[in-house]
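Right, one structure below, let's go through it.
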Amino acid sequence: MEQQIPLTFVTWILALLPVVVVLTLMVVFKWSGSKAGSFAWILTMLIAIFVFKSDHRVLAFANTKGILMTTFALYIIWGALFLYHVVNHVGGVKLIGETLSRNVSDKTLQLVLGGICFPTFLQAVAGFGVPTAVAAPLLMALGFGAATSVAIATLGHIWSITFGSMAASFAVLQLAADLSPVPLAPWTAIYTGITGILCSYMAVHAWSGWKGVYAGFFKVLLPVSAMVIMQGVLAVAGYYTIAVLTGSLLGMVIILLISRLYNKKADNSLADLNENMSTETLSEGKKLTVPLAFLPYMYLITLVLLAGFIPGLEKKLMSLGTLALSFPSYETGYGYLTEATVYGKTTLLGHPGSYVTIAALLGIITYTLTGHMELKETKIIWGKLVKSAVSSSIATTTMVMMALVMLESGMTHTLARGVVYATGSVYPMFTPFVGVLGGFITGSNVNSNVMFGAFQRQIAELLGISVYIAGAAQTIGGSIGSVISPAKLILSATTVGLIGKEGLVVKKLLSYCILVTILLGVLNLVLSMLF
Amino acid sequence: MIKSSLKSRTLALAAMLLAPLLLLYPGAAHGNLLMETTGWLILCVSVVLNLSK
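Line by line, the protein sequences give chains A and B. Numbered according to my numbering, the first sequence spans residues 83 to 613. Numbered according to my numbering, the second sequence spans residues 4 to 56.
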């Protein structure tokens, strides 16, 4: 790759400008992600043309690659939200949350179950603000304070964002930074696992200070360790899409078992548990049971495992229809070269989005056959899905296109060279902070990885450190940043009645998020030096 | 009002996803300027439309 773009203060500032503009528009002017992304895309195109000498052909190919990457991510995102809305439509999500919490009487265990395992489960199956929005009111109902509930539910699921939502963030990081999943998964599992344990204790601290941390040390350690180990093992084995889902289910089971040991007098015999585990559903007052509410997620796990275990099945499925395009090599006026490549791996079947969509469709069939919904109600579910996904999809699309234009016009490379010039070998300390910035700006780990994935890779290459460690630090930073984004904080505060008092939540959360990012930065510096 | 806004956003998203794949890429790859220009036009209009929402 030729290095002919002049690295001056002006070119560096102009390369940074789209990112600063997105941040300013969303945070200061309260623009939505879709509006800010659209504006920043136009600005990026203009800078690419007039400053970085990109012609129409470079931009056409960069934007098409952006769309191919978007299609890959949106298939997962829409599928995950479709599944969530199917289960939520029959009252399944509410039932799962309430039943689990009702059957645990110890306060710390309630916190771990309702504030860590349950939002983690929601992150696995939906994400995009759903975990805190659903779990925080539930914690409030259990007696936790409003701002504390938001802080607990938020801290409780940060770790699961990268492999949550059917591993959308992880998949996008691979594409954006051109990283192979096999060496990336262990490092990502290490960073997310450490964050999971740290943030779980921070959640307890947010509720009852150091006293609560000491008293509940093992009650937290056992289920959370089990969750992060299960996630790590599945991720390393290649089952990225179900790593968090399976981990969260294991955590819930462990809490229920510990709860029995801690409170033998509690009314938690299996018979009573089953009796409690039902609720009126929307159609004809038919009762829904917890196993039935969980069934679509069981379908998903079964589908993913079947595809993985039956030799050649996934490969065969993927060959049935692939959206990939062949790109020639091209360069900008400065000679910044993009190599020829076949780009895009979206397949109709064998893609994470296909498993989750099929699971949702099987869920609809099951709920229809068991009388919990009527087939015509699918239209209502579709309406809810479109309403919840269109705006964020536009935001993702415009920001992905923006990131690809930045990358292929040489803007990202200019940014990376400037940062390396300024910070030198201590840059790895700041890697997670860059991820946090992306997540904070866009409210999304996916978009943070899109925006900074390639940037982090290029810096790692310039510094001669592991690109996989840098990728893992980027995505965990993106997870942390996404939960403290203004859009998500406002949504969470609204669900617990703190409208206009979002500052209380920020006050509770910010110090924990800064502390965990600093610790991850130090860890990243050490690991980058060692490996 | 909300419904029509949602419809136009959905249309804008569909246009944004399809224009590069069906027009921009084949236009740029095969040097078909008319196809590429149409792709650019649809893409830019669909993005600009978001700014007015």
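For every residue, glycine included, the Cβ atom is placed at its ideal position computed from N, Cα and C.
With burial defined as no fewer than 16 other Cβ atoms inside 10 Å of the residue's Cβ, what is the status of residue i: buried or exposed?
i	result
Pro510 (chain A)	buried
Leu48 (chain A)	What is shown of chain A runs 83 to 613, which leaves residue 48 (chain A) out entirely.
Glu396 (chain A)	buried
Ala504 (chain A)	exposed
Ala297 (chain A)	exposed
Asp354 (chain A)	Model confidence at Asp354 (chain A) stands at a pLDDT of 46, short of 50, so the residue's coordinates are unreliable; what they give is reported in the following sentence. The residue is exposed, with fewer than 16 neighbouring Cβ atoms inside 10 Å.
Ala422 (chain A)	exposed
Leu352 (chain A)	Residue confidence is low: Leu352 (chain A) scores 40 on pLDDT, short of 50, so the model does not pin down where it sits. Its coordinate-derived value is still stated next. It counts as exposed.
Ala319 (chain A)	exposed
Thr48 (chain A)	The requested residue 48 (chain A) is not part of the displayed model; chain A covers only 83 to 613.
Pro410 (chain A)	exposed
Ser490 (chain A)	Going by the sequence as given, residue 490 (chain A) is Glu instead of Ser. When all chains shown are included, Glu490 (chain A) counts as buried.
Ala215 (chain A)	buried
Val516 (chain A)	buried
Gly546 (chain A)	exposed
Gly603 (chain A)	buried
Ala17 (chain B)	exposed
Val372 (chain A)	buried
Glu357 (chain A)	In this predicted model, Glu357 (chain A) has a pLDDT of only 47, less than 50, meaning its place in the structure is not dependable; the value taken from the coordinates is given anyway. By the neighbour-count rule (16 or more Cβ atoms within 10 Å), Glu357 (chain A) is not buried but exposed.
So, at 8 Å on beta carbons, what are the nonlocal neighbours of residue i in its own chain, with the 5 sequence-adjacent residues on each side left out?
i	result
Ala441 (chain A)	Leu165, Pro378, Tyr379, Tyr381, Leu382 and Leu385
Phe300 (chain A)	none
Met284 (chain A)	Leu237, Tyr594, Leu597 and Val598
Leu388 (chain A)	Leu395
Leu580 (chain A)	Ala228, Ala229, Val232, Leu586 and Val587
Return the chain-ordered list of same chain residues with a C-beta closer than 7 Å to the C-beta of residue i, the five sequence neighbours on each side being excluded.
i	result
Ala38 (chain B)	The question names Ala, but residue 38 (chain B) in the sequence shown is Met. Once the five neighbours on either side are set aside, the close Cβ partners of Met38 (chain B) are Leu26, Pro29 and Gly30.
Leu98 (chain A)	Leu497
Trp289 (chain A)	Leu193, Phe226, Thr230 and Ile234
Pro23 (chain B)	Gly42 and Leu46
Ala375 (chain A)	Val169, Gly174, Leu177 and Ile178
Met222 (chain A)	Ala228, Ser231 and Val578
Val207 (chain A)	Ala162, Leu165, Tyr166, Leu327 and Tyr379
Ser574 (chain A)	Thr214, Ala215, Ala218, Val232, Thr236 and Val587
Gly197 (chain A)	Ala217, Leu221, Ile234, Ala235, Gly238 and Ala285
Ala542 (chain A)	Ser548, Val549 and Ala552
Phe512 (chain A)	Thr505 and Gly603
With a CB to CB cut of under 6 Å and the five nearest residues on each side skipped, what residues in its chain are close to residue i?
i	result
His287 (chain A)	Val295
Ala477 (chain A)	Gly115, Ser116 and Gly119
Lys10 (chain B)	none
Pro201 (chain A)	Pro213, Ala217, Ala235, Gly238 and His239
Leu431 (chain A)	Leu399 and Leu402
Lys147 (chain A)	Tyr425 and Leu486
Ser242 (chain A)	Thr202, Gln205 and Val326
Ser567 (chain A)	Phe522 and Gly525
Thr363 (chain A)	Note that Thr363 (chain A) scores 49 on pLDDT, short of 50, meaning its location in the model is unreliable; the coordinates nonetheless yield the value given after this. Excluding positions up to five away in sequence, the list reads Val172, Gly173, Leu370 and His454.
Phe613 (chain A)	Ser548
Lys570 (chain A)	Gly211 and Gly525
Kindly give me the distance between the Cβ atoms of residue i and residue j, rounded to whole angstroms, as I take these residues to be in contact under 8 Å.
i	j	result
Gly617 (chain A)	Gly246 (chain A)	As shown, chain A starts at 83 and ends at 613. That puts residue 617 (chain A) outside it, with no answer to give.
Leu405 (chain A)	Thr152 (chain A)	Contact flag wrong, Cβ pair sits at about 11 Å.
Ala113 (chain A)	Met483 (chain A)	Reading off the sequence, residue 113 (chain A) comes out as Trp, not Ala. The pair is not a contact, with the Cβ atoms about 17 Å apart (cut-off 8 Å).
Ser475 (chain A)	Asn527 (chain A)	Not a contact, Cβ separation roughly 15 Å.
Ala259 (chain A)	Arg539 (chain A)	4 Å
Pro434 (chain A)	Thr557 (chain A)	16 Å between Cβ atoms; not a contact.
Phe134 (chain A)	Met493 (chain A)	6 Å
Regarding residue i and the ligand FMN, is the C-beta to nearest heavy atom distance less than 8 Å?
i	result
Pro378 (chain A)	Only the bare structure without any ligand can be found here, which leaves the ligand FMN out of the picture.
Of all Cβ atoms in chain C, is any one closer than 9 Å to the Cβ of residue i?
i	result
Val50 (chain B)	Going by chain labels, chain C is absent from the structure shown, which instead holds the protein chains A and B.
Okay, do the stretch 446–463 of chain A and the stretch 157–172 of chain A touch, 3+ Cβ pairs below 8 Å being the bar? yes
Using 8 Å as the Cβ pair cut-off and three pairs as the minimum, do the stretch 535–552 of chain A and the stretch 262–279 of chain A touch? yes
Pull out every residue of the stretch 471–497 of chain A whose Cβ sits closer than 7 Å to any Cβ of chain B, in chain order. Correct list: Val472, Ser473, Ser475, Ile476, Thr479 and Thr480.
Check whether the stretch 582–600 of chain A touches the stretch 527–539 of chain A, counting contact only when three or more Cβ pairs, one atom from each stretch, lie closer than 8 Å. no
Counting Cβ pairs closer than 8 Å, one from the stretch 232–250 of chain A and one from the stretch 151–161 of chain A, do we hit at least three? yes
Mind the definition here: the stretch 306–318 of chain A touches the stretch 327–340 of chain A only if three or more C-beta pairs lie below 8 Å; say whether that holds. yes
Evaluate the contact criterion for the stretch 183–193 of chain A versus the stretch 127–147 of chain A: three or more CB pairs, one atom per stretch, below 8 Å. no
If the cut-off is 9 Å on Cβ atoms, which residues from the stretch 99–125 of chain A count as contacting chain B, listed in chain order? Ser114, Ser116, Lys117, Gly119, Ser120, Phe121, Trp123 and Ile124
Under 8 Å, CB to CB, which of the residues in the stretch 7–20 of chain B have a partner in chain A? Per Cβ criterion, the list reads Leu9, Arg12, Thr13, Ala15, Leu16, Met19 and Leu20.
Anything in the stretch 506–533 of chain A with a Cβ closer than 8 Å to a Cβ of chain B? List those residues in chain order, please. none
Members of the stretch 123–148 of chain A that neighbour chain B once the beta carbon cut-off is set at 8 Å: Trp123, Ile124, His138, Arg139, Ala142, Phe143, Asn145, Thr146 and Gly148
Check distances from the C-beta atoms of the stretch 460–471 of chain A to those of chain B and list, in chain order, the residues that come in under 8 Å. Val468 and Lys469
Select from the stretch 255–273 of chain A all residues with a C-beta closer than 9 Å to any C-beta belonging to chain B, and list them in chain order. none
Selection of the stretch 211–226 of chain A by Cβ proximity to chain B, strictly under 7 Å: Those residues of the stretch 211–226 of chain A that come within reach of chain B (Cβ to Cβ, closer than 7 Å) do not exist; the list is empty.
Output, in sequence order along the chain, the residues in the stretch 435–452 of chain A whose CB is closer than 9 Å to any CB in chain B. none
Please list the residues of the stretch 150–163 of chain A that have a C-beta atom closer than 9 Å to any C-beta atom in chain B, keeping them in chain order. Leu150, Thr152, Thr153 and Leu156
So if I threshold CB-CB distances at 8 Å, which residues from the stretch 24–35 of chain B count as touching chain A? Leu24, Leu27, Tyr28, Gly30, Ala31 and Ala32
Cβ-based contacts, 7 Å cut-off: residues of the stretch 387–419 of chain A near chain B: Leu407
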